[in-house]
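Enquirer: Per the UniProt record's numbering, the very first residue in the sequence shown carries number 22; after that it's consecutive. Ideal placement from N, C-alpha and C gives every residue a C-beta, glycine not left out. Here the structure is a predicted model, which is why all the values come from computation and not from measurement. Sharing a structure below in structure tokens format, with a few things to ask.
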Amino acid sequence: RIGPAFRTSHPLASGPVVQPAPTVDGFVETFLGELNYGQGTLLSQSTVNDQYLALARTVRRYLMADWLETGTRRRQTQQKTVGYLSAEYLLGRQLGNNLLATNLQDIAQVAMERCGIDIATLRAQEVEPGLGNGGLGRLAACFVDSLATMDVPCIGYGIRYEYGIFRQTFEADRQVEVPDSWLSLGNPWEFPHPERQVLVSFGGSTETTTDADGRERCTWTPDWQVIGMPYHYMVPGHRNGVVNTLRLWSARATQAFDLQIFNSGDYAQAVRAQTTAENISKVLYPEDSTPQGKELRLQQQYFFVACSLHDFIDNTLPADFDLRRLHQRIIFQLNDTHPVIAIPELMRILVDRKGFAWDEAWEITQKCFAYTCHTLLPEALEVWSAELLGRLLPRHLEIIYRINEEFLEEVREAHPGDEMLVRRMSIIAEHPERAVRMAYLATVAASKVNGVAELHSQLLRDKVLPDFSRLWPEKFTNVTNGVTPRRFVRLANRRLSDLLTETIGDGWVTDLDRLRELEPYADDAGFREQFRAVKQANKERLTTLLRVRDGLELPPEAMLDVMVKRLHEYKRQTLKLLHIVSLYDDVVSGRVPAEQVTPRTFVFGAKAAPGYHLAKEIIFLINAVADVVNADPAVAGRLSVAFPANYNVTLAEKLIPAADLSEQISLAGKEASGTGNMKFALNGALTIGTDDGANVEIRRLVGDEHFFLFGMTEPEVEELTARGYTPSAVYESDPQLRSTIDLLASGHFTGGDRQAVAPVVDNLLHQDSFMVLADFRAYLDAQARVDAAYADPDAWSRSAILNVARSGYFSSDRSMRDYLERIWHA
Ligand code: CJB
Numbered sequence: 022r023i024g025p026a027f028r029t030s031h032p033l034a035s036g037p038v039v040q041p042a043p044t045v046d047g048f049v050e051t052f053l054g055e056l057n058y059g060q061g062t063l064l065s066q067s068t069v070n071d072q073y074l075a076l077a078r079t080v081r082r083y084l085m086a087d088w089l090e091t092g093t094r095r096r097q098t099q100q101k102t103v104g105y106l107s108a109e110y111l112l113g114r115q116l117g118n119n120l121l122a123t124n125l126q127d128i129a130q131v132a133m134e135r136c137g138i139d140i141a142t143l144r145a146q147e148v149e150p151g152l153g154n155g156g157l158g159r160l161a162a163c164f165v166d167s168l169a170t171m172d173v174p175c176i177g178y179g180i181r182y183e184y185g186i187f188r189q190t191f192e193a194d195r196q197v198e199v200p201d202s203w204l205s206l207g208n209p210w211e212f213p214h215p216e217r218q219v220l221v222s223f224g225g226s227t228e229t230t231t232d233a234d235g236r237e238r239c240t241w242t243p244d245w246q247v248i249g250m251p252y253h254y255m256v257p258g259h260r261n262g263v264v265n266t267l268r269l270w271s272a273r274a275t276q277a278f279d280l281q282i283f284n285s286g287d288y289a290q291a292v293r294a295q296t297t298a299e300n301i302s303k304v305l306y307p308e309d310s311t312p313q314g315k316e317l318r319l320q321q322q323y324f325f326v327a328c329s330l331h332d333f334i335d336n337t338l339p340a341d342f343d344l345r346r347l348h349q350r351i352i353f354q355l356n357d358t359h360p361v362i363a364i365p366e367l368m369r370i371l372v373d374r375k376g377f378a379w380d381e382a383w384e385i386t387q388k389c390f391a392y393t394c395h396t397l398l399p400e401a402l403e404v405w406s407a408e409l410l411g412r413l414l415p416r417h418l419e420i421i422y423r424i425n426e427e428f429l430e431e432v433r434e435a436h437p438g439d440e441m442l443v444r445r446m447s448i449i450a451e452h453p454e455r456a457v458r459m460a461y462l463a464t465v466a467a468s469k470v471n472g473v474a475e476l477h478s479q480l481l482r483d484k485v486l487p488d489f490s491r492l493w494p495e496k497f498t499n500v501t502n503g504v505t506p507r508r509f510v511r512l513a514n515r516r517l518s519d520l521l522t523e524t525i526g527d528g529w530v531t532d533l534d535r536l537r538e539l540e541p542y543a544d545d546a547g548f549r550e551q552f553r554a555v556k557q558a559n560k561e562r563l564t565t566l567l568r569v570r571d572g573l574e575l576p577p578e579a580m581l582d583v584m585v586k587r588l589h590e591y592k593r594q595t596l597k598l599l600h601i602v603s604l605y606d607d608v609v610s611g612r613v614p615a616e617q618v619t620p621r622t623f624v625f626g627a628k629a630a631p632g633y634h635l636a637k638e639i640i641f642l643i644n645a646v647a648d649v650v651n652a653d654p655a656v657a658g659r660l661s662v663a664f665p666a667n668y669n670v671t672l673a674e675k676l677i678p679a680a681d682l683s684e685q686i687s688l689a690g691k692e693a694s695g696t697g698n699m700k701f702a703l704n705g706a707l708t709i710g711t712d713d714g715a716n717v718e719i720r721r722l723v724g725d726e727h728f729f730l731f732g733m734t735e736p737e738v739e740e741l742t743a744r745g746y747t748p749s750a751v752y753e754s755d756p757q758l759r760s761t762i763d764l765l766a767s768g769h770f771t772g773g774d775r776q777a778v779a780p781v782v783d784n785l786l787h788q789d790s791f792m793v794l795a796d797f798r799a800y801l802d803a804q805a806r807v808d809a810a811y812a813d814p815d816a817w818s819r820s821a822i823l824n825v826a827r828s829g830y831f832s833s834d835r836s837m838r839d840y841l842e843r844i845w846h847a
């Protein structure tokens, strides 16, 4: 039905795509055209949503010529491409980013004014694509932004979830999840491409037969299939005429419904198959760092990598391409273990479909994959039961078994007689049930394995994969994460950006090391004054937003102390909470006069996985403490706590530029990297943090005097664990901690209800897996140092400026250069 591609020598067929004029007139004309012909409405009748969609489509038009041209150029040059395989992309709003990339911000603003429209209202209309949980998904979005800006060929492959990360609301201080129907008002940024759709198979059985020439052949007869429909998204580089592609897959049923069953009257049964198929891309799993071994999740993983591999091999490479050279054209980067099923899929394609011998196929496969591990938590390493994997993907399980057999032979050869080692390294675990360790499969197959910060990569080698790093030391490397300065400085912090550009020129936007040139200005009183004015204006912007959005009334003058990230025990939001309660306790118990307390506004932003009960109890407790602290005149004007609901990329862009203090307080050895930590430093917040993840590198770069370090180091944590940690003993020995916990436990914050606080308090006293109590004293001492430092605005601003000047290293452009050099060789 789609018909063959249009191939013609007609002169119009190869003409350039006409771009609208980059003038206010051109913009207005295109906008009105989109409103009339695209939305089918008149300006006088149009709704905000009509106007937003027309504006988005207008901006899209300015990008289209570059997108098509980039695609043509990529096809012609046949350069090596990065195939970024990620189950998550936490993109954030597109409109502002694309206006920035095209340098149309000012033109668009004036053009909208001319139409009587406030562009800010239209920006606010966009629902951000929340197709990710947190750091890992946001990192993927930063990486594709950087690759486009650096003109590196990249296709981002992922899933077009119909529902992204849930919208968080609070009811009686408790988290309530609402479905994120981000597509319901129309999505102007995507292009469906039915001509590139792909069939994906599941279930069934395999049969091995022997050819006349003695070769074994395997045929997989699947049970059911779904269609993968690609949606293309533009990924523009920063003002460089490059637009790469993000290709997200949506699942469709092969047959909309069964006409026979429908005619017989069972309507529900008639559409059942469709529902099953389309469930695959229905919703993002909201677990961050704690995967659930659910069948649907494995279906999602296989679905998107099967589509992506097929898309590249059969629809992107030239038809006559010699697959022995595949690694010269693609490197598939595995973003955590979620896409690791791509490894047996490529083997299956090469051996079963393309007729390669096993050994040759394995050689090709090993060169085409690289694996990034994003965690140290053992529970976050995915393991799929062999029963489930074999039922859903029988051929893939056979392939994994054979990969494992051959790998274990290699181990036996290198270490004869060491069966314990063989068992430890096996891709197949035998207990508590037979299961596939996806991180091991990735490590065995990949050309390179990397962690995401120096400390993390070291711990990955020494603790998570020690046997593998001994066997293949050269396979392991580090690439410290980064963040895109386009979104997280230039777009989020226009005031700071303008100040930077006035001071050192605008080169920093694509060459963040240039921020170094700011260093001398740290000693310039006039500059410090301007820098402080920027921070103050950002705080006021935030205060206004939170008043309108959440009905929160916050003093715009206080120190803004921010902890935003997923709610997880290891990140230790409870440590922050104990700090707040102890300050409050000091005042209400009369130990410290209120006037002596540094005015602070504490801001939390965090979603908890819906099934993570303790995390949800912690959210409840933070809200309960906020209610009481905010209402108590004893601390009025001194302490306030804000927990705006639904922390997401859009809110981050408002919060981070306003922050004075960045809370990065995970237990040492648990946070792989963190990327929020980088965004705060780049926006001139000082960090209070443990020696964990990328904090280590931030501190080294900005200097000890400009960073508030506290807490146990990773070896100290290990040592305490070995000695045996008893939180109740810490509680007994520290009177301030005792008083703080007792106040919490008394029900003071929950209207006298002691039961309501018990889950969190009991856990802290009797379990405390992440040693909150052990670091409490050090944390309070560090916070006292923060107060002392904040009392000297000039010294504080100097430190903040130096944080900005010395954080250029944390650009994701630099991360991409490291990947290119150490891993991709593209
Ligand atoms: N991370 O967001 C996730 N989800 C996971 O399932 C595992 C790890 C985070 O990835 C970020 C990007 O590498 C890291 O900065 C962060 O430490 C890690 O928790």
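1) DSSP puts residue 237 in a beta bridge; with which residues?
2) Need the endpoints of the alpha helix (DSSP H) that residue 636 sits in, please.
3) Which of helix, strand or coil does DSSP assign to residue 383?
4) Less than 7 Å separating the Cβ of residue 704 from some heavy atom of the ligand CJB?
5) Strictly by DSSP, which residues pair up with residue 257?
6) Cutting at 6 Å between CB atoms, please list the residues of its own chain near residue 497, excluding the five before and the five after it.
7) Pairing CB atoms from the stretch 262 to 272 with CB atoms from the stretch 168 to 185, are three or more of them under 8 Å?
8) Are residue 840 and residue 722 touching if we call contact CB-CB under 8 Å?
9) Mapping the DSSP letters down to three states, classify residue 622 as helix, strand or coil.
10) Can you tell which of 253, 289 and 297 has the C-alpha that lies nearest to the C-alpha of residue 273?
11) Would you list, in sequence order, the uninterrupted alpha helix (DSSP H) runs of no fewer than 4 residues that lie entirely inside the stretch 45 to 120?
12) For residue 189, which beta-bridge partners are listed by DSSP?
13) Output the distance between the C-alpha atoms of residue 331 and residue 371, rounded to the nearest integer angstrom.
14) With a threshold of 7 Å on Cβ separation, who are the neighbours of residue 645 within its own chain once the five nearest residues in sequence on each side are excluded?
15) Reducing DSSP to helix, strand and coil, say where residue 817 ends up.
16) Helix or strand or just coil, what does DSSP make of residue 668?
17) In whole angstroms, give me the CA-to-CA distance for residue 642 and residue 821.
18) How about residue 460: is its Cβ closer than 7 Å to a heavy atom in the ligand CJB?
19) For the putative contact between residue 507 and residue 121, defined by C-beta atoms under 8 Å, what is the C-beta separation to the nearest angstrom?
20) At a threshold of 7 Å, does residue 723 count as lining the ligand CJB (C-beta to nearest heavy atom)?
21) Identify whether residue 279 lies in helix, strand or coil by the three-state DSSP scheme.
22) What first and last residue would you give for the alpha helix (DSSP H) that runs through residue 471?
23) Checking 8 Å against the spacing of the C-beta atoms, do residue 82 and residue 44 come in under that value?
24) Leaving out the 5 sequence neighbours to the left and right, which residues in its chain are closer than 6 Å to residue 306 when beta-carbon positions are compared?
25) One question on the structure: do residue 782 and residue 758 come within less than 8 Å of each other, judged by their Cβ atoms?
26) Could you tell me which whole beta strand (DSSP E) segments of length 3 or greater appear in the stretch 304 to 375?
27) Is it buried or exposed, residue 63, if we count other Cβ atoms within 10 angstroms and call 16 or more buried?
28) Would you call the stretch 603 to 613 in contact with the stretch 624 to 644, where contact means no fewer than 3 C-beta pairs closer than 8 Å?
29) Name the two residues that bound the continuous alpha helix (DSSP H) containing residue 423.
30) Based on DSSP bridge pairs, tell me the residues matched to residue 584.
31) Would you check if there are 3 or more beta carbon pairs closer than 8 Å linking the stretch 446 to 462 to the stretch 128 to 147?
32) Report the CB separation of residue 304 from residue 183 in whole angstroms; it is logged as a contact under 8 Å.
33) Tell me whether residue 403 is buried or exposed, calling it buried when 16 or more other Cβ atoms sit within 10 Å of its Cβ.
Expert: By the coordinates alone:
1) Taking the first residue of the sequence shown as position 1, residue 237 is located at position 216. DSSP, once it has assigned bridges, lists 231 as partnering residue 237.
2) Stepping through the sequence shown from its first residue, residue 636 is reached at position 615. Run containing residue 636: 634 to 652, per the alpha helix (DSSP H) assignment.
3) The sequence position of residue 383 within the sequence shown is 362, counting from 1. It is helical.
4) On the sequence shown, position 683 is the one that residue 704 refers to. No, since every heavy atom of the ligand CJB falls outside the 7 Å radius drawn around the Cβ of residue 704.
5) Your numbering for residue 257 matches position 236 in the sequence shown. Residue 257 is bridged to 264.
6) The residue labelled residue 497 in the question sits at position 476 within the sequence shown. Answer for residue 497: 470, 482 and 490, listed in chain order.
7) yes
8) As a working note, residue 840 is residue 819 in the sequence shown. As a working note, residue 722 is residue 701 in the sequence shown. No, the pair does not count as a contact, with Cβ atoms beyond the cut-off.
9) Along the sequence shown, read from residue 1 onward, the residue named residue 622 stands at position 601. In the structure shown, residue 622 sits in a strand (DSSP, three-state: E or B).
10) Numbered from its first residue, the sequence shown carries residue 273 at position 252. The residue with the shortest Cα to Cα distance from residue 273 is 297.
11) 45 to 54 and 69 to 98
12) Within the sequence shown, the letter at position 168 stands for residue 189. For residue 189, which the question treats as bridged, DSSP gives the partners 198.
13) Counted from its first residue, the sequence shown places residue 331 at position 310. Counted from its first residue, the sequence shown places residue 371 at position 350. Those two C-alpha atoms are separated by around 11 Å.
14) Sequence index remark: in the sequence shown, residue 645 carries index 624 (1-based). Excluding positions up to five away in sequence, the list reads 194, 770 and 771.
15) The residue labelled residue 817 in the question sits at position 796 within the sequence shown. Helix, per DSSP.
16) Working through the sequence shown from its first residue, we reach residue 668 at position 647. Of the three classes helix, strand and coil, the one that applies to residue 668 here is coil, per DSSP.
17) If you number the sequence shown from 1, residue 642 lands on position 621. If you number the sequence shown from 1, residue 821 lands on position 800. Each residue's alpha carbon lies about 32 Å from the other.
18) Taking the first residue of the sequence shown as 1, we reach residue 460 at position 439. The answer is no for residue 460.
19) As a first step, residue 507 is located in the sequence shown; it is residue number 486 there, counting from the start. As a first step, residue 121 is located in the sequence shown; it is residue number 100 there, counting from the start. Between residue 121 and residue 507 the Cβ distance is about 6 Å, and since that is below 8 Å, they are a contact.
20) Position 702 of the sequence shown, counted from the first residue, corresponds to residue 723. Not under cutoff, so the answer is no.
21) The residue you call residue 279 lines up with position 258 of the sequence shown. Correct three-state label for residue 279: coil.
22) Your numbering for residue 471 matches position 450 in the sequence shown. Taken as a continuous stretch (DSSP letters only), residue 471 belongs to no alpha helix (DSSP H), being part of the beta strand (DSSP E) at 470 to 472.
23) Counted from its first residue, the sequence shown places residue 82 at position 61. Counted from its first residue, the sequence shown places residue 44 at position 23. No, they are not a contact pair.
24) Numbered from 1 along the sequence shown, position 285 holds the residue referred to as residue 306. Contacts found: 318.
25) Your numbering for residue 782 matches position 761 in the sequence shown. Your numbering for residue 758 matches position 737 in the sequence shown. Against a cut-off of 8 Å, the Cβ pair of residue 758 and residue 782 comes out as no contact.
26) 351 to 356
27) Residue 63 sits at position 42 when you count from the first residue of the sequence shown. Classification of residue 63: exposed, given that the 10 Å Cβ count is below 16.
28) no
29) Translated into the one-based positions of the sequence shown, residue 423 becomes position 402. First-last of the alpha helix (DSSP H) with residue 423: 415 to 435.
30) The residue labelled residue 584 in the question sits at position 563 within the sequence shown. Answer by DSSP bridge pairing, in chain order: 625.
31) no
32) The residue labelled residue 304 in the question sits at position 283 within the sequence shown. The residue labelled residue 183 in the question sits at position 162 within the sequence shown. Between residue 183 and residue 304 the Cβ distance is about 7 Å, and since that is below 8 Å, they are a contact.
33) Reading the sequence shown from its first residue, position 382 is the one you call residue 403. Classification of residue 403: buried, given that the 10 Å Cβ count is 16 or more.
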